Amino acid sequence: MNSHEQVFLWNRFTLREALLLGFCATFIILTRAGLRLHLHLPGHVMFFTMFFYLLARGCVPKIGAVTLVGLIVSLASILLGMGSKGPVVFVKFLLPALLVDLAGALFPSFISSMVACALVGALAAALRSLSDTGLEWLSGMEEEVLLRKTVVTACLFALYGGFGSLAVPSIIRRLRKNGLIYRGSDRKW
Amino acid sequence: MKSDVLNIDGLGYRYPGASTPALTNVSCAIKAGECICLTGDSGCGKTTLLLAIKGLLRGGSHSGTIKIALPVSQDAWSVPVGLVFQKAESQILCTTVAEEVAFGPENLCAPPEEIDVRVRKALMSVGLDGCETRNVERFSAGQKQRLTIASVLSMNPSLLLLDEPTSQLDRQGKQELCTLLAGFKKQGYTIVMTEHDPRPFTTIIDRYLPIADGRSGAPTLSLPDRERYESKTAAKTEPTGVTERGVAIHAREIALSYPETGVALKQVSLKVLQGERVHLSGGNGAGKSSLLRCLAGLETPGSGTVELAGIANPRPEHLPGKVGVLFQDPSRQLFAESVHNEVAFSLHRLGHPPNEIERVVTETLRICGIGHLGERAPLTLSFGEQHRVALAAVIAPRPAVLLLDEPFAGLDFPQRLSLLEILAELPDRYGATVLIASHDELPDHTWADRTLKLSEGRLDETTH
Amino acid sequence: MLRSSDYACQYMTHDSPVHRLGAGWKIAIGTLLSTLAVGVRTPAELLTLVVVALGYYFMARLTLFDLWRDARFFVLQAVLITTLYCLLNGLSKGFWPGVRQSVQIILFYIPGAVLLRTTRTGDMMRGLRRVVSYRLSFLVFVSIRFVPFFLRELDEIMAAQRLRGARLLPRQLIDPRNWGDLFHCLLLPLMVRALKTADDVSLSAEAREFGTRKQRTFINIPRRDESAITAPEGQRPACPAEVRSCCRLGPEARKGLS
Chain A
450 MNSHEQVFLW NRFTLREALL LGFCATFIIL TRAGLRLHLH LPGHVMFFTM
500 FFYLLARGCV PKIGAVTLVG LIVSLASILL GMGSKGPVVF VKFLLPALLV
550 DLAGALFPSF ISSMVACALV GALAAALRSL SDTGLEWLSG MEEEVLLRKT
600 VVTACLFALY GGFGSLAVPS IIRRLRKNGL IYRGSDRKW
Chain B
423 MKSDVLNIDG LGYRYPGAST PALTNVSCAI KAGECICLTG DSGCGKTTLL
473 LAIKGLLRGG SHSGTIKIAL PVSQDAWSVP VGLVFQKAES QILCTTVAEE
523 VAFGPENLCA PPEEIDVRVR KALMSVGLDG CETRNVERFS AGQKQRLTIA
573 SVLSMNPSLL LLDEPTSQLD RQGKQELCTL LAGFKKQGYT IVMTEHDPRP
623 FTTIIDRYLP IADGRSGAPT LSLPDRERYE SKTAAKTEPT GVTERGVAIH
673 AREIALSYPE TGVALKQVSL KVLQGERVHL SGGNGAGKSS LLRCLAGLET
723 PGSGTVELAG IANPRPEHLP GKVGVLFQDP SRQLFAESVH NEVAFSLHRL
773 GHPPNEIERV VTETLRICGI GHLGERAPLT LSFGEQHRVA LAAVIAPRPA
823 VLLLDEPFAG LDFPQRLSLL EILAELPDRY GATVLIASHD ELPDHTWADR
873 TLKLSEGRLD ETTH
Chain C
6 MLRSSDYACQ YMTHDSPVHR LGAGWKIAIG TLLSTLAVGV RTPAELLTLV
56 VVALGYYFMA RLTLFDLWRD ARFFVLQAVL ITTLYCLLNG LSKGFWPGVR
106 QSVQIILFYI PGAVLLRTTR TGDMMRGLRR VVSYRLSFLV FVSIRFVPFF
156 LRELDEIMAA QRLRGARLLP RQLIDPRNWG DLFHCLLLPL MVRALKTADD
206 VSLSAEAREF GTRKQRTFIN IPRRDESAIT APEGQRPACP AEVRSCCRLG
256 PEARKGLS
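Taken in sequence, the protein lines are chains A, B and C.
Heads up: the first sequence runs through residues 450 to 638, numbered per my numbering.
Heads up: the second sequence runs through residues 423 to 886, numbered per my numbering.
Heads up: the third sequence runs through residues 6 to 263, numbered per my numbering.
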């Protein structure tokens, strides 16, 4: 962000940055809807969710960027009827988003490494699968059943999330080379 | 004597990080009720000047002054200057018409009753009254343009700035817009517009301010450089060594309709010979893009058959190397790290050997006049240069048929002529058949061997 | 709006006591029922809650077919969970816990389905404005508003790249060797469009003074088809085409509107 640009949200994001993050949320919504229509496979939506989460982090390298994307996706999902699970939808999207933001806070340049991106993507996706686990635990599901179900789900989610994150460094590199984003928080108009 | 509404004195501006200034020593005074047209080539600084007047340029280095006289009757929910941007599509933020027009006054915290009045008044001014609850997605380009104007009018500006308002409009749309602006001028609005081709507005424009390389010239009362808009004749030769020409494009009785918008094409038949140059004209919504999509196999017509470059009822996967299609806003397809790689992409996919790829890419870049840009990142280039790169990427495989959908959108007159000159070479060099679909008239009226007119889904043929 | 016919929880355009409740009340009722669903343990408690939840559901004039559409994923999950319980603990000891668990999960989600079935998007958006700041709600609205725009962009980019030889069809993307085309030829240009559109949209908003004040007012949008619901018999206007096209009406609902 050029220092002269007005801060729009949360004392850190300009309107441009916030809109870009909103469009990342748009893409997540599009891919969720599209994939569900055609594939009907559980967990595969994390492929694109993690891709766009990490891409958001790369385009707007500020803490809270991915959390904002997760928040927008959650609210938009409810409004569009994809969030029949009520408040749980917030947990599903915000948990992995918070992890990506945490990774960005601890290791700001992780976005340039394929291995780091895959790891963060896999972990964040696995974390997302735990949102259902929490609910099932609260409702008294037997622990052994819970554990087995969780392990299988988490592994599937991690696989999709990890693969989806692999391409992010390459995309970020090309966007930087084309002068569309910058390594720091500055962006060209 | 009318007072000055806008006074610009020695304005200069350099974007953050730019090596050269976008504006240098721009000066002009505009009186109340005048209509001024800023003219000049792409990249000369017209849009930057409008942004400066509106106060949207932040950062960078400024010099000079801009003074805007506030109207006496201005209230707390009004702004002195309203700016309508070039692309209506990305300017419209809301889902319904009323919400879009209300957006400005809402931001100014106008009371809901006042907003209601302003929305009705603004929509009536642009001829969209009664459309409050309509979804903007279904609007035509002309309607979207009028909606963006209404969304600015609802903020009660006295000075209206319009950036390339006709860039997406066909001839009828331009006439309607001219009538609309004439009405605003009568009501006392001051209008400043930028236009590549101001000819449709000569009856309402009071003065022209030419801009070149960020500098303003002396205002004139008549259209400057009138001769640049006159039809030019590009060099054209008949293809040699071709005695009998086969059929490159053959469409028979194509019918196409969409569930949301109804019939797009009605029993359209078309036959184009190899090496022909064809101009497919027609207004917005006539069906030109739909026809091209049917030809390229991107849409399956409800009835009829297509044969393209010898392929019957083609699918897009069958066409690389044989057919090239350049869509509107071709810069959206750019993705490579260099211009060279961008142009080479199709050749790699077609399995050409590396030395052949190198030779073809070099030759193609030279034909398109961008040989010096080979190592540049495509998205760092200007719009016109990106256009050339996309064209080079499409013609690199030497397709037998080249289809172009609205290729002139966003280009100024010299760029359009230059594009036509490149396209004129292709039938001669490679025997390619070129079909241009455009609502604009060609800058060179002699370019096309044939002109076809598509109107309400029906095709009429005019032979030269 | 992005409403797919493949989704459960489509808004149902008819009148019912639940339709007339405000979104806030429905969220409160839903939260209460969902919380109770998590806590039930005995068969009596579970049965009571099933009766209450289904009563709430059918009070919204939703049908058994609607219930199947909304709950079918959980029914499949129920089979899986109950099977796992029986395999681990044997049929006699595992059946009841499996069934209880499965029913609890379904009951947890039913109130959410009722909310979506009986609350229009416009009403939910108006409700959203009361809960979050206008800046955040603007971002949510814009992200939804530009779904059709980016769908078109995606379609255009895909068409252009396929014609250049990019392998982007679903059957081609099964091969991981083609994923490079997906990311570089499709998603990268899409991201470039997003960057440019963010520039355009922010300029458009700033040019109309968005974000310059701490608050903003809102136009009064009349509730659509309110007159269709409240007008007496014989005076109701025809259902607007736009509404008809986006809702799936059961035979009972269609009778109420004719």
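From the three backbone atoms N, C-alpha and C, an ideal C-beta is built for every residue, glycine too.
Quick caveat, the model's predicted, so the values are computed rather than measured.
- Annotation for B/V669: no alpha helix (DSSP H) segment contains it, though the beta strand (DSSP E) segment containing it runs V669 to Y680.
- Around the beta carbon of B/H762, a 10 Å sphere encloses 16 or more other beta carbons of the protein chains shown; the residue is thus reported as buried.
- Note: B/E729 is bridge-paired with B/H672 and B/A734 in the DSSP secondary-structure output.
- Taking 9 Å as the threshold, the shortest C-beta distance from B/T518 to chain A does not fall below it.
- Exposure of C/I179 is indicated by the presence of fewer than 16 other C-beta atoms within 10 angstroms of its C-beta.
- With 16 or more other Cβ atoms inside 10 Å of its own Cβ, A/K598 counts as buried.
- For B/V811 and C/I162, the gap between their C-alpha atoms comes out near 16 Å.
- By the 16-neighbour rule on beta-carbons within 10 angstroms, C/A42 is buried.
- B/L645 and B/P632 have their C-alpha atoms spaced approximately 9 Å apart.
- Excluding sequence positions up to five before and after B/I452, its CB lies within less than 7 Å of the CB of D426, V427, L428, I458, T612 and V614, all in the same chain and listed in chain order.
- Within the same chain, L159, I162, M163, Q166, A171 and L173 come within 8 Å of C/L191 by CB-CB distance, once the 5 residues on both sides are set aside.
- B/G504 is positioned such that its CB atom lies closer than 9 Å to that of B/L575.
- Between B/A677 and B/V694, the gap from beta carbon to beta carbon reaches 9 Å or more.
- About 10 Å separates the beta carbons of A/R625 and B/E759, which is beyond the 8 Å limit, so they are not a contact pair.
- Here B/D882 is exposed: its Cβ has fewer than 16 other Cβ atoms, across all protein chains shown, within 10 Å.
- Take the alpha-carbon of C/F113 and the one of A/V594: they are about 19 Å apart.
- Look at the segment 596–620 of chain B and you find no whole run of alpha helix (DSSP H) that is 4 residues long or longer.
- Scanning chain C for C-beta atoms nearer than 8 Å to the C-beta of B/C531 yields R218, Q220, R221 and T222, reported in chain order.
- Put simply, the backbone Cα of B/G564 is about 46 Å away from that of C/A76.
- Counting along the chain, the unbroken alpha helix (DSSP H) around C/T53 starts and ends at P48 to M64.
- Between B/K744 and B/P849, the C-beta spacing is not below 9 Å.
- For the 9 Å CB-CB criterion, C/G117 and C/G27 do not form a contact.
- Secondary structure at C/T68: coil, using DSSP grouped into helix, strand and coil.
- The closest CA to that of B/L839, considering only B/A818, B/E863 and B/T855, is found on B/E863.
- Taking a contact to require three or more Cβ pairs closer than 8 Å, the segment 555–570 of chain B and the segment 525–535 of chain B do not qualify as touching.
- One thing to note: B/G879 has its Cβ no nearer than 9 Å to the Cβ of B/V728.
- Between B/L748 and B/L826, the C-beta spacing is below 9 Å.
- When DSSP states are grouped into helix, strand and coil, C/Q166 belongs to the helix group.
- Between the alpha carbons of A/C473 and B/G432 lies a distance of about 42 Å.
- Not a single C-beta of chain A is nearer than 9 Å to the C-beta of B/E521.
- Note on B/E698: 16 or more other CB atoms within 10 angstroms of its CB, so buried under the neighbour-count rule.
- In its chain, beyond the 5 residues on either side, N429 have a beta carbon closer than 6 Å to the beta carbon of B/K489.
- Residue range T855 to S860 is occupied by the beta strand (DSSP E) that includes B/A859.
- Not one beta carbon of chain A lies nearer than 9 Å to the beta carbon of C/A33.
- As a beta-bridge residue in DSSP terms, B/D882 pairs with B/K875.
- Under DSSP, B/G504 forms a beta bridge with B/L582.
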